[in-house]
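Encoded as structure tokens, the structure appears first; notes follow it.
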Amino acid sequence: MSTTKTRKEWKLTELAKAAGVSPRTVRYYVQRGLLPAPPFKGPDTVYGEDHLLRLTAIRVMQARFLPLDAIQVELARLNADELKTLAEANPADLRPPAPATTAEVSEAAPAPPPCSGPVKDQAPASPSAGMTSWRRWELVPGLELHLADTADAKTRALVERVRALIQESQER
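In terms of the numbering used here, the sequence shown opens at residue 1267 and continues consecutively.
Structure representation (structure tokens):
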């Protein structure tokens, strides 16, 4: 049995290693409010099971292409059981999802046409997942567009217009 499953407290480097992140990432997540601050400061600072659980859940949501702002909202929304279920997701869930197909998008709001840059699509989450899924496009290097699957038709039309403008500017 893994020691990460039976331990109650970790030092920063131990926690980071158990979660598969760097100690710097843990500090950053505490600073951003994604993780609660540990109870002690200095060399005797210890992190608890909740910290490891949240770090694992954050990694699962990042694998689903959620930005940190959306992850922070989801962490605040989830109760303890939902958080544990998310953190215990199958390791296969950590792989990027397959691209969405036209059949997966509703007829009322068709997917925007592909742009000339690489496209990274997120397939809609199952209703039981309780999370908002996002479609993500890299419009040009350094600029991404994210669209929630819950967006209305007016917002989807705006996405199509923005992508068309980017494509026009690249053709010039």
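Glycine included, C-beta positions come from ideal geometry on N, C-alpha and C.
- By the criterion of a C-beta distance shorter than 8 Å, Val-1312 is surrounded in its chain by Glu-1275, Trp-1276, Lys-1277, Pro-1304, Pro-1305, Phe-1306, once the five residues flanking it on both sides are discounted.
- In the DSSP assignment, Ala-1285 falls outside any beta strand (DSSP E) and within the unbroken alpha helix (DSSP H) covering 1278 to 1285.
- In the assembly as shown, Arg-1293 is an exposed residue. Its beta-carbon has fewer than 16 other beta-carbons within 10 Å.
- For Ala-1419, the uninterrupted alpha helix (DSSP H) run begins and ends at 1419 to 1437, by DSSP.
- One thing to note: Val-1326 has its Cβ no nearer than 8 Å to the Cβ of Leu-1344.
- Under the DSSP assignment, Ala-1414 falls in the beta strand (DSSP E) whose first and last residues are 1409 to 1414.
- Minimum Cα-Cα distance from Trp-1403 among the listed residues Lys-1420, Ala-1419, Asp-1418, Ile-1432 corresponds to Ile-1432.
- The alpha-carbon of Leu-1341 is positioned some 43 Å away from that of Arg-1438.
- Residue range 1315 to 1329 is occupied by the alpha helix (DSSP H) that includes Leu-1321.
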